[in-house]
Amino acid sequence: MTDPTGTGPAPAGLDLDRLADHLARHRPDLAVGPLRARLIAGGKSNLTYLLHVGDHELVLRRPPLGHVLATAHDMTREFRVISALAPTEVPVPGALLLCADPEVIGAPFYLMERVTGEVLRTRAQTDPLGTRVRHDLAMAMMDTLAALHRVEPAAVGLADFGRPEGYLERQVRRWAGQLERSRSRPLPGIDELRDRLAATVPAGANAGRIVHGDYRLDNLLATVDPVAVRAVLDWEMATLGDPLADLGLLLTYWDVLGGSETAEGNPVADGLGPRAGFPTGAELIARYADRSGVDVGPLHWHVALGCFKLAVICEGIHYRHTLGQTLGEGFDRIGEMVAPLIAYGLTAAGER
13 MTDPTGTGPA
23 PAGLDLDRLA
33 DHLARHRPDL
43 AVGPLRARLI
53 AGGKSNLTYL
63 LHVGDHELVL
73 RRPPLGHVLA
83 TAHDMTREFR
93 VISALAPTEV
103 PVPGALLLCA
113 DPEVIGAPFY
123 LMERVTGEVL
133 RTRAQTDPLG
143 TRVRHDLAMA
153 MMDTLAALHR
163 VEPAAVGLAD
173 FGRPEGYLER
183 QVRRWAGQLE
193 RSRSRPLPGI
203 DELRDRLAAT
213 VPAGANAGRI
223 VHGDYRLDNL
233 LATVDPVAVR
243 AVLDWEMATL
253 GDPLADLGLL
263 LTYWDVLGGS
273 ETAEGNPVAD
283 GLGPRAGFPT
293 GAELIARYAD
303 RSGVDVGPLH
313 WHVALGCFKL
323 AVICEGIHYR
333 HTLGQTLGEG
343 FDRIGEMVAP
353 LIAYGLTAAG
363 ER
């Protein structure tokens, strides 16, 4: 498959000829010139491409190549939630077109507006910002999460977006199931972590809020002058559930991976947490509690769930990498993160 402009090959995962034809038929207002594309580096799950259509720029999202787990990488779900959140305080890209037909480019996909801003992922990006800017970015990140959790699902047409009752139990079962479909090597301790979580599920008093499912700094587009969150990205795991699950996973990235030797140079955790000069996880939670109206309470179990979930995700990415089904750089070190996540999760699951 070649770029119709003749400038070179299309990136893997896109059929530009068929995509151009689909745009001409379904969104002729977007089919305004020659179509070019490039993979946006950094995505470790769904694939994200920057499209150039004449003088315009759009963003396309599609599932990863190969080994796509059931219920994961749902383009319809992402498209629905960013469409619903458009009129709220939560910054999201404008939703432009959903295509559920895998015959067009080889998988379902959607198009959204390109939002200007930077995905801050590495120490090379965050070290030059200085202490004040890093602090303000972290607080803006938490203010945005609080805004999301304040949204009333029914008010934006998402009353049926998930089943809040039993959400935490289903999370444990879901990720246990994903684990079984991603095992490719021994993972000492992960079964014990799964069993501890299943035996100690908390009541989930906050259930019924919109949960992002993978909220972290590098799933945001931000600016630093002024400091602002311009858009929240990567909604593939969004649902209705307990907002403490978002907090537990954020602390897993921030304090567990961000505080580990494994984080150095790792594309998932390199620029996160106090190790990278940001405020502590405790400061983040205090800011969130002040702005959200959510009863935070103890978070040990939710951090343990975050460790389990992220260990399973990383193992799935590692597995796809061993099969040669990943695009971009940095995948060779993802597998190193699984063991420390399991160890910390076991410690957190044993706390009271």
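Numbering-wise, the working numbering comes out as the position in the sequence shown, counting from 1, plus 12. Where is the CB? At the ideal position from N, CA and C, for every residue including glycine.
- In this structure A219 touches D254 by the C-beta definition: roughly 5 Å separates them, less than 8 Å.
- In the DSSP assignment, I346 is bridged to no other residue.
- By DSSP's assignment, E69 forms a beta bridge with H64.
- Residue state for L232 is assigned as strand, using DSSP reduced to three classes.
- Taking each of R332, I346, E115 and A158 in turn and checking the Cα distance to G305, the smallest one comes out for A158.
- When the beta-carbon positions are compared, Y227 and L284 stay at least 7 Å from each other.
- For G271, the closest alpha carbon among the candidates L252, T292 and G260 is that of T292.
- Using a Cβ-Cβ distance cut-off of 8 Å, the stretch 317-327 and the stretch 190-207 are in contact, since at least three pairs of beta carbons, one from each stretch, lie closer than that value.
- Burial is judged here by how many other beta carbons sit within 10 angstroms of a residue's own beta carbon; L35 has at least 16 and is buried.
- Within its own chain, the residues whose Cβ lies closer than 6 Å to the Cβ of V350, once the five positions on either side in sequence are excluded, are A323, C326 and E327, listed in chain order.
- In the DSSP assignment, M151 falls within the alpha helix (DSSP H) that extends over T143 to R162.
- Under DSSP, the beta-bridge partners assigned to A243 are L233.
- For E125, the enclosing beta strand (DSSP E) has its first and last residue at F121 to E125.
- F320 and I202 have their C-alpha atoms roughly 8 Å apart.
- Assignment of L296 by DSSP, reduced to helix, strand and coil, places it in the helix class.
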